[in-house]
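Protein chains in written order, with my numbering: chain P, 194 to 506; chain A, 1479 to 1948. Ideal placement from N, C-alpha and C gives every residue a C-beta, glycine not left out.
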Amino acid sequence: MLGKTAGSLFWMFRYMERCENTARLTEAGFYIALTRSKSAEDEWQSIIKAAGMESKFETLHDTYDGPSVINFLLREKDNPASVRSMIDLARSNARTARTALTREVWEAVNEAWLNICEALKKPVTPKGLPEILALIKRQTALVEGALQGTMLRNDIFDFARLGMFIERADNTARILDVKYHVLLPSVSLVGGSLDNVQWETILRSVSANRSYRWVNKGAISPKSIANFLTLDRSMPRSLMFCQCEIAHNLGHLNRAYGTQHESQTLSEALLNSLQSQTIDSVMAQGLHEFITNFLRQNQALGAQIESDYSFYA
Amino acid sequence: MDFFDEMLDNGAPRESYASYHAWYESQDKKLLKRKMTEAEAVFRRTGITFNVYGKRDADERLIPFDIIPRIIAAREWARLTLGIEQRVKAINAFLHDIYHNQEILKAGILPSALIENNDAFLPQMIGVTPPGKVYTHIVGVDLVRTGADDFFVLEDNARTPSGVSYMLENRETMLQIFPELFSRNKVQRVNNYPQTLRQSLEACAPKHCTDKPVIAVLTPGIHNSAYFEHAFLADQMGAELVEANDIRIRDKKVCMRTTQGYTPIDVLYRRVDDDYLDPLNFKPESMLGIPGIMDIYRAGGITIANAPGSGIADDKAIYSYMPDIVRFYTGEKALLRNVETWRCSDPDSLKYVLEHLGDLVVKEVHGSGGYGMLVGPASTKAEIDRFAKKLRKNPSNYIAQPTLALSTTPILNKGELAPRHVDLRPFVLVAPDKIITTPGGLTRVAMKKGLLVVNSSQGGGTKDTWVLED
């Protein structure tokens, strides 16, 4: 396969994953804003922070009011990470990698692009928001479904999945970090009822509030939520799950190519360090320090994959 | 002017259309209108779009698709094919001659000025013989019809003819929305084109190539107007779709950068113009090209399809000599007719053209896409005067032809049949030992009443083209 094609597959699925995560994040913000009696600006700000877009947002807007945040996240043309910008990038990468995709996957991406752009043509009102978020999640799920259902399990599939899980690990880690930074400014609030509502929002933003309850039989504690999102193997958006998948796809690639690359070494090291941790050891070193470290390693892994497989000239 | 209607003769369907026409008459017209929308949705979903240069917001457009097929009888097609193959054979022989002994110039059939001062003639190709002596591997011959037995060649596309993906997708779409039509009418298949193209290109692989040749399609990239077609063909042939920055020259081979290192390419189906192919040999500022590929090519290390320099054969000034060219190389009279053509470089012709601008179509010698031309009968006095000025300033840049009474076939317009002008581009594949013409081709149709220009850049649409079985 061409290095360029591998790169386009990798980034196409990163952008699709980021679209989906941004929709989930917006949903979390919306939910908490609805359940608030007074101004929800702090929460909206934390959402922007989770997306890593604070400085960009502040160059364009003065206040973190709901409608501005929603439109910034979903449709602002000047925001390169808005859903609209990212679905454009995802499709343009899909066009470049067109020969590597089945007709089903290409059509799913093309339809996602058509439908999402159409839905985001006009400013989004709170009333119309749930429908649009549902549309974004449904369209991205269709792409993943087409990938699962129609693509050969070869190197093409591996590069697509690598992009998806590098991005997902990054997103989950960032969401957790926001909890540390913004939602939990004061230690005295830990364990209070406000704190629990905010942790629930975190779960909701990765669509995990229901599954968390199944796994944990209803009891909500910050520690068990942190465990669920970092080290739980059964949770498809946890850091552990994502790194297991990455190791699996890299292993598959290396066996198929008969090579051993630096990225595989990095991936194994990252997975080993996750596996050697317990949530108590994570909390002991500090959740924020743990996440900062993880984000750095995950990013380095992504960059190493790009260079090992000659994505760029 | 009277126009030949391909479907109806005094209200009654012509023979090739009889079965289709009976079906059409039995259809609910509202339903047909709905099928039209359905077809459009298919095109949009599959992303079959083309880019229009210089239009920012509408940069991806659908080419209008009409659901009434154009139908050609087996007998008519058989005659056309003979003419097409004769012409393509002559074009290949002409290209070989012009880059070698230039017998045709020595024989005085063609003035040498026409070659010497021509930008499409590449001195870098002198003395080069591509594998199998094939210069133009994929040819599009543009035909127009003016009567039951009257077909004319409007132009030859020996460089990089496009549109074949529309021919294939039009058929796919018709099969999807009207499956019943294909059991009632025996239509010759077109969907084996990509496989035939692959085999044809493989047959032209360089001599050193003993294994299955590695084939790649070279595209300028996703912003090119025909990118969809480049991706489509690569996909269907199982070839790689490459851009210049995917390619490096390594150990005197043209190689592509893969996830497992550099792999040599044997046959490059390029959809990049000559000028942009190699910045070392042609335009130095080109970012689309591969530095040094011409040197590897000349040394026989790679096959380039179509060969650089093939464009000299579809130059519009050369076109006017095509009947002589066919006779010179095949020893036969040309089976397909040329449209009468005045070369404005000739003072007598120029005088005639200037006096009759209102009746003529004037084209730039190197123009394409319906740009830079004058359709006399459809132009205002002021437009004609303006064009006359340009013509006087640089006469050798223009040719003129009479306005042809192009045939019409009906399109579905507001639920009714309405005649519109059409042309036809059959696609011809050339291998060392055979020439294959895909039955049918791309029919382009002017969607506006009375309009004689059918190019997609001028709002023209397309329709499925059926060649019936005997």
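Query raised in the report: Taking the continuous alpha helix (DSSP H) assigned at A/Cys1733, which residues delimit it?
Result: If you number the second sequence from 1, residue 1733 of chain A lands on position 255. No alpha helix (DSSP H) holds A/Cys1733; the beta strand (DSSP E) holding it covers 1731 to 1736.
Query raised in the report: Taking just the CA atoms, how far does P/Gln391 sit from P/Ile418?
Result: Position 225 of the first sequence holds residue 418 of chain P. Position 198 of the first sequence holds residue 391 of chain P. So the alpha carbons of these two residues sit roughly 11 Å apart.
Query raised in the report: Is the CB-CB distance between A/Asp1544 and A/Lys1941 below 7 Å?
Result: Position 66 of the second sequence, counting from 1, holds the residue named residue 1544 of chain A. Position 463 of the second sequence, counting from 1, holds the residue named residue 1941 of chain A. Yes, the Cβ-Cβ distance between A/Asp1544 and A/Lys1941 is below 7 Å.
Report task. Determine, using beta carbons only, whether P/Gly479 comes closer than 7 Å to chain A. Result -> In the first sequence, the residue the question calls residue 479 of chain P occupies position 286. Not closer than 7 Å to any Cβ of chain A, the Cβ of P/Gly479 fails to qualify, so no.
**Report entry** chain P contact residues for A/Ile1700, given Cβ-Cβ distances below 7 Å
**Finding:** For the purposes of this step, residue 1700 of chain A is taken as residue 222 along the second sequence, with counting starting at 1. Per Cβ cutoff of 7 Å: Ser285, Arg288, Thr289.
Query - 8 Å Cβ cut-off: residues of chain A touching P/Ser157 - result: Outside the shown range of chain P (194 to 506) lies residue 157 of chain P, about which nothing can therefore be said.
Query - Short Cβ contact (7 Å threshold) for P/Ala305 with P/Gln332 - result: Residue numbering aside, residue 305 of chain P sits at position 112 when the first sequence is read from its first letter. Residue numbering aside, residue 332 of chain P sits at position 139 when the first sequence is read from its first letter. Cβ distance < 7 Å, so P/Ala305 and P/Gln332 count as in contact.
Query raised in the report: With 7 Å set as the bound, which would you pick, yes or no: does the beta-carbon of P/Glu300 sit closer than that to a beta-carbon of chain A?
Result: Sequence index remark: in the first sequence, residue 300 of chain P carries index 107 (1-based). Closer than 7 Å: yes.
Report task. Assign A/Glu1721 to one of three DSSP states: helix, strand, or coil. Result -> The residue labelled residue 1721 of chain A in the question sits at position 243 within the second sequence. If DSSP states are grouped into helix, strand and coil, A/Glu1721 belongs with coil.
**Report entry** Exposure label - A/Pro1910; buried when at least 16 CB within 10 Å
**Finding:** Counting from one through the second sequence, the residue named residue 1910 of chain A turns up at place 432. With fewer than 16 other Cβ atoms within 10 Å, it is exposed.
Query raised in the report: What number of angstroms, rounded off, separates the C-alpha of A/Ala1795 from the C-alpha of A/Asp1901?
Result: For the purposes of this step, residue 1795 of chain A is identified with residue 317 of the second sequence, where counting begins at 1. For the purposes of this step, residue 1901 of chain A is identified with residue 423 of the second sequence, where counting begins at 1. Near 21 Å, if we compare the C-alpha coordinates of A/Asp1901 and A/Ala1795.
Query raised in the report: Do A/Thr1887 and A/Met1485 have their C-beta atoms within less than 7 Å of each other?
Result: Along the second sequence, one-based indexing puts residue 1887 of chain A at 409. Along the second sequence, one-based indexing puts residue 1485 of chain A at 7. Taking 7 Å as the Cβ cut-off, A/Thr1887 and A/Met1485 qualify as a contacting pair.
**Report entry** Within 8 Å of chain D by C-beta, residues of the segment 1506 to 1525 of chain A in sequence order
**Finding:** The question asks about chain D, but that chain is absent: this structure's protein chains are P and A.
Query raised in the report: Between which two residues does the beta strand (DSSP E) harbouring P/Arg403 extend?
Result: Numbered from 1 along the first sequence, position 210 holds the residue referred to as residue 403 of chain P. Per DSSP, P/Arg403 belongs to no beta strand (DSSP E); it is in the alpha helix (DSSP H), 402 to 409.
Query raised in the report: Which whole runs of the alpha helix (DSSP H) in the segment 1891 to 1927 of chain A are 4 residues long or more, in chain order?
Result: none
Query raised in the report: Under 7 Å between C-beta atoms, does P/Met194 make it to chain A?
Result: Position 1 of the first sequence holds residue 194 of chain P. Taking Cβ atoms only, chain A reaches closer than 7 Å to P/Met194, which makes this a yes.
Query raised in the report: Could one say the Cβ of P/Ala506 lies closer than 7 Å to chain A's Cβ atoms, at least one of them?
Result: As a first step, residue 506 of chain P is located in the first sequence; it is residue number 313 there, counting from the start. Interface residue, yes.
Query - chain P residues whose Cβ lies nearer than 7 Å to that of A/Val1720 - result: Your numbering for residue 1720 of chain A matches position 242 in the second sequence. Within chain P, the residues near A/Val1720 are Leu195.
**Report entry** Buried versus exposed, by CB contacts within 10 Å (16 or more), A/Asn1488
**Finding:** Locating residue 1488 of chain A in the second sequence gives position 10, where the first residue counts as 1. A/Asn1488 comes out exposed.
Query raised in the report: In the structure shown, what three-state DSSP assignment does A/Val1855 receive?
Result: Counting from 1 along the second sequence, the entry for residue 1855 of chain A is found at position 377. In the sequence as displayed, the identity of residue 1855 of chain A is Pro instead of Val. Note: A/Pro1855 maps to helix in three-state DSSP.
Requested in this report: Compute the beta-carbon to beta-carbon distance between A/Val1619 and A/Asn1570, rounded to the nearest angstrom, for a pair I have assumed lies under 8 Å.
Outcome: As a first step, residue 1619 of chain A must be located in the second sequence, where it is residue number 141. As a first step, residue 1570 of chain A must be located in the second sequence, where it is residue number 92. Not really, about 13 Å apart at Cβ, beyond 8 Å.
Requested in this report: Using a Cβ cut-off of 7 Å (strictly closer), state whether P/Leu488 contacts chain A.
Outcome: Residue numbering aside, residue 488 of chain P sits at position 295 when the first sequence is read from its first letter. No, P/Leu488 lies away from the interface with chain A (no Cβ there is under 7 Å from its Cβ).
Query raised in the report: Which chain P residues sit within Cβ distance under 8 Å of A/Ala1713?
Result: Residue mapping note: residue 1713 of chain A aligns to position 235 of the second sequence, counting from 1. Note that residue 1713 of chain A corresponds to Asp in the displayed sequence, not to Ala. Correct list: Arg291, Thr292.
**Report entry** Contact check, A/Thr1559 vs A/Leu1907, beta carbons under 7 Å
**Finding:** The residue labelled residue 1559 of chain A in the question sits at position 81 within the second sequence. The residue labelled residue 1907 of chain A in the question sits at position 429 within the second sequence. Not in contact: A/Thr1559 and A/Leu1907 (Cβ atoms no closer than 7 Å).
Query raised in the report: Helix, strand or coil: which one does DSSP assign to A/Asn1635?
Result: Position 157 of the second sequence holds residue 1635 of chain A. It is a strand residue.
Query raised in the report: For A/Gly1893, which residues of its own chain have a beta-carbon under 6 Å away from its beta-carbon, when the five flanking residues on both sides are left out?
Result: The count along the second sequence starts at 1 and reaches residue 1893 of chain A at position 415. Excluding positions up to five away in sequence, the list reads Lys1507, Lys1511.
Query raised in the report: So, helix, strand or coil for A/Lys1794, using DSSP?
Result: The residue labelled residue 1794 of chain A in the question sits at position 316 within the second sequence. Three-state DSSP puts A/Lys1794 in a helix.
Query - Contact belief for P/Ile263 with P/Thr215 at Cβ below 8 Å, rounded distance in angstroms - result: In the first sequence, residue 263 of chain P corresponds to position 70, counting from 1. In the first sequence, residue 215 of chain P corresponds to position 22, counting from 1. Actually they are not in contact, since the Cβ atoms of P/Ile263 and P/Thr215 sit about 11 Å apart, beyond 8 Å.
Query raised in the report: In three-state DSSP terms, what is A/Asp1942?
Result: Counting from one through the second sequence, the residue named residue 1942 of chain A turns up at place 464. Strand at A/Asp1942.
Query - When P/Asp255, P/Ala290, P/Ala301 are compared against A/Asp1522, the one with the closest alpha-carbon - result: As a position in the second sequence, residue 1522 of chain A is number 44, starting the count at 1. A small fix is needed here, since residue 1522 of chain A is Arg in this sequence, not Asp. That would be P/Ala301, whose Cα lies nearest to the Cα of A/Arg1522.
Query raised in the report: Which first and last residues belong to the alpha helix (DSSP H) in which A/Gln1666 is found?
Result: Your numbering for residue 1666 of chain A matches position 188 in the second sequence. Run containing A/Gln1666: none; DSSP gives neither H nor E here.
**Report entry** DSSP state of P/Gln478 mapped onto helix, strand, coil
**Finding:** Position 285 of the first sequence, counted from the first residue, corresponds to residue 478 of chain P. P/Gln478: helix per DSSP, three-state reduction.
Requested in this report: Return the first residue and the last residue of the alpha helix (DSSP H) that P/Arg217 is part of.
Outcome: Taking the first residue of the first sequence as 1, we reach residue 217 of chain P at position 24. Taken as a continuous stretch (DSSP letters only), the alpha helix (DSSP H) holding P/Arg217 covers 196 to 227.
Requested in this report: Determine which residues share a DSSP beta bridge with A/Val1745 and list them.
Outcome: The sequence position of residue 1745 of chain A within the second sequence is 267, counting from 1. According to DSSP, which records beta bridges pairwise, A/Val1745 is partnered with A/Ile1693, A/Thr1781.
Query raised in the report: Hey, is A/Ala1812's beta-carbon within less than 7 Å of any beta-carbon in chain P?
Result: Within the second sequence, residue 1812 of chain A is the residue found at index 334, counting from 1. Cβ-Cβ to chain P under 7 Å: no for A/Ala1812.
Query raised in the report: For A/Leu1659, does the three-state DSSP call read helix, strand or coil?
Result: Taking the first residue of the second sequence as 1, we reach residue 1659 of chain A at position 181. Note: A/Leu1659 maps to helix in three-state DSSP.
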